[in-house]
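S.K.: Residue numbers (my numbering), protein chains in the order written: chain A, 344 to 568; chain P, 16 to 841.
The beta carbon of each residue, even a glycine, is placed where N, CA and C say it ideally should be.
All values derive from a computational prediction rather than experimental measurement.
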Amino acid sequence: MNTEHSYLIDADQVSKTVNTASGPLTILQPTSLRLKAAESLAIVGESGSGKTTLLGLLAGLDDVSSGRITLAGQELTAMNKDKRALLRNQTVGFVFQSFQLLPALTALDNVMLPLQLVGAADAKARAQTYLERVGLKHRLDHTPRQLSGGEQQRVALARAFVTEPLLLFADEPTGNLDRNTGQTLIELLFELNQAQQTTLVLVTHDIHLAERCQHRLSLPEGVWS
Amino acid sequence: MMALGLRLLRRETRQRELWIMVVALMIAVTALTSVNLFAHRLQQGLNQAAGEFLAGDLVFTDSHPLPEALQQQATAAGLTASRTLEFSSVLMENEQLLLAGIKAVSQAYPLRGHLTLHTDRLGRQDLRHGPPPGQAWVDDRVLSALKLNIGAQLLVGEVPLTISGVLVHEPDRRGNLFSLTPRVMMNLNDIDQAGVLRPGSHVHYFYQWAGPEQAVAAFKKALTPQLQAGQKLLDIRLDRPELGAVLSRTEQTLGLASVLVVLLSGVAMAASARQFTLRQYDATAVLRCLGMTRACVLKLYAWQWLVLGGLLSTLGVLLGWLGYHLLLALFADLIPAATTAPGPWVFMQNWLLGVLGLFAFAWPPLQRLGQVSPLRVLRHDLDAMPASAWLTYTLALVLVVGLLLAQRQPLSLVLGFALFGPVVSLALLSLLTWLIAQSRRGAHWGAAALRFALISLSQNAAANSRQVLVLALTLFVILTSYVARNDLLADWQQQLPANAPNYFLLNVFPDYLPELKAEFNTQAIAASRFYPVVRGRLVTINEHPATQQARPGSQGERALHRDLSLTFARDLPETNQIIEGTWWAAKAPSGQVSVEQGVADSLGLKVGDRLAFSIGGRQVNAIISSIRRLRWDSLKPNFYFIFTPGTLDDFAATYLTSFYLPDSQKHLLNAWARAYPGASILEIGALVRQLQKLIGILSQALNYLAALALGAGVLVLLAQIGISLKQRQRQGALLRTLGGSRSWLMRVYGYEFLLLGAMAGLLAVLLTELTRWLVYDRLLHLDYGIAFGLDSITLVLSTLLIGALGFFGVRPIYTRPPILLLRETA
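#1: On the criterion of 16 or more Cβ atoms from any shown chain inside 10 Å, does isoleucine 178 of chain P qualify as buried, or is it exposed?
#2: At the level of alpha carbons, what is the spacing between glycine 818 of chain P and leucine 472 of chain P?
#3: CB proline 516 of chain P to CB phenylalanine 674 of chain P, shorter than 8 Å?
#4: Alpha carbon to alpha carbon, how far is methionine 17 of chain P from proline 389 of chain P? Give it in angstroms, no decimals.
#5: List the whole-angstrom C-beta distance separating alanine 160 of chain P from leucine 203 of chain P, where the pair is believed to meet the contact cut-off of C-beta under 8 Å.
#6: Determine the burial state of glutamine 243 of chain P: buried for a count of at least 16 other Cβ atoms within 10 Å of its Cβ, exposed for fewer.
#7: Check the Cβ of aspartate 484 of chain A against every Cβ in chain P and list those closer than 8 Å, keeping chain order.
#8: Take glycine 149 of chain P as the anchor and find which of P:Ser695, P:Gly180 and P:His129 has the nearest alpha-carbon.
#9: Using the three-state DSSP reduction, which class does asparagine 685 of chain P fall into: helix, strand or coil?
#10: Given alanine 501 of chain A, which residues of its chain have a CB within under 6 Å of its CB, disregarding the five upstream and five downstream residues?
#11: On the criterion of 16 or more Cβ atoms from any shown chain inside 10 Å, does threonine 346 of chain A qualify as buried, or is it exposed?
#12: Are the C-beta atoms of valine 392 of chain P and some chain A residue less than 8 Å apart?
#13: Grouping DSSP H, G and I as helix and E and B as strand, with all else coil, what is histidine 340 of chain P?
#14: What does asparagine 432 of chain A touch in chain P if you count any residue whose Cβ is under 8 Å from its own?
#15: Identify which residue in P:Thr409, P:Leu414 and P:Arg383 has its Cα closest to the Cα of valine 438 of chain P.
#16: Which bits of chain P does glutamine 459 of chain A rub up against, with CB to CB less than 7 Å?
#17: Is glutamine 557 of chain A helix, strand or coil by DSSP?
#18: Leucine 441 of chain P and tryptophan 224 of chain P - do their beta-carbons sit closer together than 8 Å?
#19: Since threonine 131 of chain P and valine 183 of chain P are thought to touch, with beta carbons under 8 Å apart, how far apart are those beta carbons, to the nearest angstrom?
#20: Just checking: is the beta-carbon of leucine 429 of chain A within a distance shorter than 8 Å of some beta-carbon in chain P?
#21: Check for me: the beta strand (DSSP E) holding alanine 151 of chain P runs from which residue to which?
#22: Helix, strand or coil for alanine 515 of chain P per DSSP?
#23: For tryptophan 369 of chain P, does the three-state DSSP call read helix, strand or coil?
#24: Any beta carbon of chain P sitting closer than 8 Å to that of valine 505 of chain A?
#25: In whole angstroms, give me the CA-to-CA distance for alanine 380 of chain A and threonine 413 of chain A.
#26: May I ask you to verify whether the region 604-615 of chain P touches the region 523-540 of chain P, counting CB pairs closer than 8 Å and requiring at least 3?
#27: Taking 8 Å as the threshold, find out whether the region 538-550 of chain A comes into contact with the region 384-395 of chain A through three or more Cβ pairs.
#28: So, does the CB of alanine 354 of chain A fall closer than 8 Å to a CB anywhere in chain P?
#29: Taking 8 Å as the limit between beta carbons, can you name the residues of its chain near valine 105 of chain P, skipping five residues before and five after?
#30: Under 8 Å Cβ-Cβ, which residues of chain P neighbour leucine 398 of chain A?
#31: What residues from the region 282-305 of chain P come within 8 Å of chain A, judged by C-beta to C-beta, listed N to C?
#32: Mind listing the chain P neighbours of glutamine 443 of chain A? Cutoff is C-beta to C-beta under 8 Å, in chain order.
#33: For glycine 366 of chain A, list the residues DSSP reports as bridge partners.
#34: Between the C-alpha atoms of arginine 309 of chain P and leucine 321 of chain P, what's the straight-line distance to the nearest angstrom?
#35: Taking 8 Å as the threshold (C-beta atoms), are serine 49 of chain P and tyrosine 497 of chain P in contact?
#36: Tell me whether the region 531-544 of chain A and the region 480-494 of chain A touch, counting them as touching only if at least three CB pairs, one residue from each stretch, are closer than 8 Å.
Written out as structure tokens, the structure reads:
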């Protein structure tokens, strides 16, 4: 068992290099970070600084080129893709800039989806509860195409929290929303986060949003504050 | 997983793309089912037609009676049986002698086909039974030769029979045309009384059986291993080569056409599956991100496709069944009534084929969904690797090859498709990609819109070349169906014109020749050459007994067991073609022989081999100087062996010809029978009519197949244009945003689609010509010539059609506000 399991995320000298036509290109310099349960971190930096790459690595969506990541006491970098998928399902929630709802499913179906993947018996009831909490009780049977951008992101929030994950990753969650809608959504995000004591990692350009988090990691230098 | 898959699929039914795919699949399965059912039925009809030439579905012959146990086995298998026996006997009436072929028939004879009888009282009538006991039906020549009339008594052995009619047609008059003796048909019950069957008498026993296809096949399978020396089962292909040739070709052509429909359906399936799959990339990335394993993703889509394939196949089979009945109703007068309805297995087969076909053509793009990276949720540009070309081709190939083999297609066709299909496609794809990439070089001349169209084509060279290949293949299939129908039928009809020979005249003595030729001239009768005929047997090949070299059961082996009609000729007969060696010069030395291809193959003969024949107790040697291919379906005298003039001079020859005699001149036959005693006249009009009927059915079936190919082809064209539509709409919207005028864009896309259409048309024409050459020259041995007229029309039409479909297909680019297009295609 990892002696440092008190950290929910422990990334040690994680880097990512890709092969291009003109040779290897490092898109994330070696970076380390540690977060305890219920803490929040904003990853900030200019475009191309490696923010999204780091988020992808921390969530096990991509393979590291070097370094080690431990998530909820389990070494992510030693797992194959399918084991990482299982770990994501059990411990991680996501919110994306482009919402990433399945266009063919209704709001309710979208929120039920991660519960159905693990065969939860009360999927429908729990999904309804969370949609109610994000204020979409009257939109259960609407497809994403019939919802506004703000409403779609609320559905995405409900889907992220419905499994009551230990960790929530958010990639520019307000990037596609106007200022007011974005602000409302952020309030909702932090409120749910607070209520469920979720550890939050978010990537953002927004200084104000970054300031609401306990920690900030500035890329590409890897400065921790 | 299944429940989630179905839920996702149910939601997908709101999407236009799924409906396009569903319609494409439905058309594919429907077409396939109706074609297969129809082909099956047609096959049955053809077999039945063939059976009419044997008077049964299966015929066994031996010089001894068939053991009772085997006869009971046939009855137990549910088959109806009839029995005939044949022998030669000398008849004497009114002090005239005649060697006649006696045939005694049982009550149930003929099981297939009919006898035609002429009586003074009733005229001509078709009958499904032989003469009753105490009666005989005879050839006209028996009456004239023995100076008898209908109603007279005729003594066969010791039994007196009353002649009650003239036999005009006998379905199974077979085999050795050239030693034909006039027929006397009697009832089998009279045979004991006749007292002609004594130990040592030369009698052939025939047992005919008929019944459901499967029962006949099963009995044949059980009987074959029990056959002993001298016993054989008659095969229409070997015993009636002229009919066998047409039957085989009909089967091959129908098979070929249905394979083309399968291929076209495959193209439609693959195109729609690709579109469907592309739509699923984002959803799959989200599912993976939410924790679904790769295996689960594949399972999810496999369930979707299994259910979709199952439902569509069921519907397709039902619609196909309706289409089949429509066809039957349309061609009711052409197709013989079925002996058995298609069994459940035929439907199951088509259902399975639908599901398997869907997977074979659609699985390669679909299985790539397992490779979609969950990282795509963050980076939208991450696409899964395109479907492996090898996997795509292998699965499609396995399916089509399996189908071809199941249809008992010739191995050369199956191998040709399996080996050359993928190689040619890949080579074409590479060549096309290279050519389209080069089109940028042409972009320095012409109008700005044309230049931009060329650049746009070359930028997407890989995608455009795929599209051109698919469009070309579709046009190729339609074109091939069309030319197959036109060319093959025209060729056959040429072989069997309205005045195709309907009589053979044989055993003509040389003294009669000048007079007979003059008579033919006077009466304006179209006759083939008069061929001298000498009877003889092939005994050794390169000094070894010929029987040792024959492939068992082959045409060659059968030829060794009977006297053959040998001829000599200075010029090559008109329907013959030399395929090896050379035909002799005008004054070639004697002792050379030209051999027919089929016999040469089955006896392993080649140019230069030494053959020895036994003719009238003497040996004649000859060296093979050429191998000939001939048209059995030409209905003209055909010979296995033709010698150089002079080789057979020492032997007495009779002459043989075939000619067409219209009904109005039939009275001449009786006059000739009297004027040229000894000569035999054989009517083959029934055979000609049967062949013409076969061609009629085939013509209609090919019409239907061509119509289906055309319908499916247009759908494939639309689907293909639909695939690139989104990307073109986005590009067009951007160009308009950047200031491109609507008319300029219309010109750009007009040029682009016209160029694509021209390329597809050109490729289709090249492929069709290549296939025609392969099929005509190599497979069916027909004359091949480039169809310039049809090729030009195809090129122009494909350019205009694809140009117009594409131009109007991307109409939203010119008509809708660019901002809307950008949003919709984001």
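M.R.: In brief:
#1: buried
#2: 14 Å
#3: yes
#4: 21 Å
#5: Not a contact, Cβ separation roughly 25 Å.
#6: Flag for glutamine 243 of chain P reads exposed.
#7: Annotation: aspartate 484 of chain A has no Cβ neighbours in chain P at a cutoff of 8 Å; minimum Cβ distance is about 11 Å.
#8: P:Gly180
#9: Here asparagine 685 of chain P sits in helix by DSSP.
#10: Val454, Tyr473, Leu474 and Val477
#11: Residue confidence is low: threonine 346 of chain A scores 40 on pLDDT, short of 50, so the model does not pin down where it sits. Its coordinate-derived value is still stated next. It is exposed - the Cβ of threonine 346 of chain A has fewer than 16 other Cβ atoms within 10 Å.
#12: yes
#13: helix
#14: Leu305, Gly306 and Met307
#15: P:Thr409
#16: Leu19
#17: Of the three classes helix, strand and coil, the one that applies to glutamine 557 of chain A here is coil, per DSSP.
#18: no
#19: 4 Å
#20: yes
#21: 150-153
#22: coil
#23: In the sequence as presented, tryptophan is not what sits at residue 369 of chain P; that position holds glycine. Helix at glycine 369 of chain P.
#24: no
#25: 13 Å
#26: These segments do not touch.
#27: yes
#28: no
#29: Leu112, Leu113, Leu114 and Ala115
#30: Those within 8 Å of leucine 398 of chain A in chain P are Leu393.
#31: Asp297, Ala298, Ala300, Val301, Leu302, Arg303, Cys304 and Leu305
#32: Neighbours of glutamine 443 of chain A on chain P, chain order: Asp297, Ala300, Val301, Cys304 and Val392.
#33: A:Thr363
#34: 18 Å
#35: no
#36: These segments do not touch.
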